[in-house]
Amino acid sequence: MNALVVAVDGPGGSGKSTVSRLLAERIGWAHLDTGAFYRAATLIALEEGIDPHDGLGVLEAISGRRFGQADGVMMLDGRDVSTEIRSEAVTGAVSEVSAHPAVRQAMVALQRAWVQDRAGTVAEGRDIGTVVFPDAHLKVFLTADPVERARRRAGETGADSVLVGEALARRDQIDSTRPTSPLRPADDAVIIDTTGMSIEAVVAEILDHLTPV
Ligand code: DC
616 MNALVVAVDG
626 PGGSGKSTVS
636 RLLAERIGWA
646 HLDTGAFYRA
656 ATLIALEEGI
666 DPHDGLGVLE
676 AISGRRFGQA
686 DGVMMLDGRD
696 VSTEIRSEAV
706 TGAVSEVSAH
716 PAVRQAMVAL
726 QRAWVQDRAG
736 TVAEGRDIGT
746 VVFPDAHLKV
756 FLTADPVERA
766 RRRAGETGAD
776 SVLVGEALAR
786 RDQIDSTRPT
796 SPLRPADDAV
806 IIDTTGMSIE
816 AVVAEILDHL
826 TPV
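Per the numbering used here, the sequence shown starts with residue 616, numbered consecutively.
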């Protein structure tokens with residue numbers, strides 16, 4: 616059986632995570648946060664003192680480690696790392712780690728296997744519709760005004776929104792210009808600008824595009 620996927624891609628602060636979680640709940644599908652895999656890989660690199668620019672070093676460090684995710688909890692070798700993967704240190708290095716093709720290949724394999732074990736999944740990330748699941752049932756690309764994205768992210772963490780905006784812009788730049796799987800909408804994605812929209816309104820718009828399976 617072919618597992619069903621709704622792909623939700625977009626930059627940080629576009630509303631991806633909240634929207635994907637709520638959408639999955641509404642349609643009774645699983646929710647996969649692929650960014651958490653890249654964050655967990657980054658945590659390993661930092662804990663082992665590996666330079667995030669050293670792709671082969673990171674690959675070696677993550678090989679043989681057990682990545683798991685269920686109900687929004689990210690596990691590494693049986694340890695709950697959900698909080699640690701949101702640290703400033705991980706957020707600051709994750710774009711470097713996720714730019715390495717070999718690291719991406721390993722993460723994509725894990726994400727595909729995860730989805731195969733479920734009947735339906737709302738998968739969120741940067742390359743879900745373009746690379747990981749090019750045959751997704753529905754592809755959505757969320758965008759939002761950079762100032763609003765920074766405000767949303769700052770609201771989640773309590774950090775200064777100007778500094779958050781600068782960090783987001785830096786990550787956007789790396790994520791969108793990397794040669795392997797850059798952040799971009801798939802040609803057949805539904806693009807939704809979430810600026811000024813409530814989460815409910817975004818989910819309702821996606822549900823409108825979701826044809827019965
Ligand atoms: O969604 P997030 O902010 O937790 O993602 C963290 C980083 O991981 C982001 O800067 C880019 C990378 N990422 C990626 O390259 N591909 C994905 N499918 C998901 C995230």
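The beta carbon of each residue, even a glycine, is placed where N, CA and C say it ideally should be.
E663 carries a coil assignment under DSSP once its states are collapsed to helix, strand and coil. Per DSSP, reduced to three states, the secondary structure at F682 is strand. Beta-bridge annotation (DSSP): A738 is paired with A622 and L647. V709 and Q720 have their C-alpha atoms roughly 15 Å apart. In the DSSP assignment, T758 falls within the beta strand (DSSP E) that extends over L753 to T758.
Annotation: V688 is outside any alpha helix (DSSP H); the continuous beta strand (DSSP E) that includes it extends over V688 to L691. A distance of 8 Å or more separates the beta carbons of F652 and Q731. By a beta-carbon distance limit of 8 Å, G625 contacts T758. Their separation comes to about 6 Å. With 16 or more neighbouring CB atoms inside 10 Å of its own CB, Q684 falls in the buried class.
For R694, the secondary structure class from DSSP, reduced to helix, strand or coil, is strand. Following the DSSP letters along the chain, one finds V805 inside the beta strand (DSSP E) bounded by residues V805 to D808.
A801 is positioned such that its CB atom lies no closer than 8 Å to that of T736. Proximity to G643 across A734, G693 and S697 peaks at A734, based on C-alpha coordinates. In this structure, F748 keeps its C-beta atom at 8 Å or more from the C-beta atom of I806.
Shown here, R786 sits in a helix according to DSSP, grouped into three states. For E771, the uninterrupted alpha helix (DSSP H) run begins and ends at P761 to T772, by DSSP. Under the DSSP assignment, V730 falls in the alpha helix (DSSP H) whose first and last residues are P716 to Q731.
Rounded to whole angstroms, R694 and E781 show a C-alpha spacing of 32 Å.
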